[in-house]
Amino acid sequence: MNELDKNIVHFIKKHHVFNLAVCNHEKIWTASCFYAFWNEKNALVFLSDDETQHAKMMMQNPVVAGTIALETRIIGKIQGLQFTGMVEKAENESLAMAKKIYYKRFPYALGTQSTFWILTLHYAKLTDNRLGFGKKIIWQLNKTEKPILK
-12 MNELDKNIVH FIKKHHVFNL AVCNHEKIWT ASCFYAFWNE KNALVFLSDD ETQHAKMMMQ
48 NPVVAGTIAL ETRIIGKIQG LQFTGMVEKA ENESLAMAKK IYYKRFPYAL GTQSTFWILT
108 LHYAKLTDNR LGFGKKIIWQ LNKTEKPILK
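What follows is the structure, given as structure tokens:
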């Protein structure tokens, strides 16, 4: 597996909400979700009830996109991550680890009855103006494949 750039990892770990974009053949939809980062899988772990619009659509089409953004009016500090990936329900061993990772970050969520999801990153583009205006760091899971949605 291609190692995720340290600047991207640092940015992901600094935040806790991402914007998720899903689609099927008929609709597109977005949702904001709390997440915890699973280092070894380059994945975001999040909760969502199976009956939500985005969960229903993820079950039909696991290819998703998303963003994480730093809100600032200072142009030199603008940072944002755009990404694509594949999402799946956490099950068996991955469910146990997903719970451990998520509850460590959000202990007040213990006992929540929602489904745990794992979003494995396939492509990520970090824009970081602190490194220079419009500076972008691009990462791809498999350098020989084209990104899912570029």
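Count the sequence shown with the working numbering and you get residues -12 to 137, in order. From the three backbone atoms N, C-alpha and C, an ideal C-beta is built for every residue, glycine too. It should be emphasised that the depicted structure is a prediction, and the values quoted were computed from it without experimental measurement.
{"Query": "Buried or exposed: where does A83 fall if 16 or more other Cβ atoms within 10 Å of its Cβ makes it buried?", "Result": "exposed"}
{"Query": "What does DSSP give as the partner residue(s) for N6 in the beta ladder?", "Result": "S19, T54"}
{"Query": "Quick one: grab the DSSP three-state call for A96.", "Result": "helix"}
{"Query": "Using the DSSP secondary-structure output, state which residues sit across from A42 in a beta bridge.", "Result": "DSSP lists no partner for A42."}
{"Query": "In whole angstroms, what is the alpha-carbon distance linking W104 and K123?", "Result": "28 angstroms"}
{"Query": "Given 8 angstroms as the limit, is there contact between the stretch 46 to 60 and the stretch 85 to 100, that is, 3 or more CB pairs closer than that?", "Result": "no"}
{"Query": "Relative to the C-alpha of G72, which residue among K112, D37, F(-2), L118 is closest?", "Result": "K112"}
{"Query": "Would you tell me roughly how many angstroms separate the C-alpha atoms of L108 and L68, rounded to the nearest one?", "Result": "12 angstroms"}
{"Query": "Label S35 either buried or exposed according to how many other C-beta atoms from any shown protein chain fall within 10 Å of its C-beta, with 16 as the threshold for buried.", "Result": "buried"}
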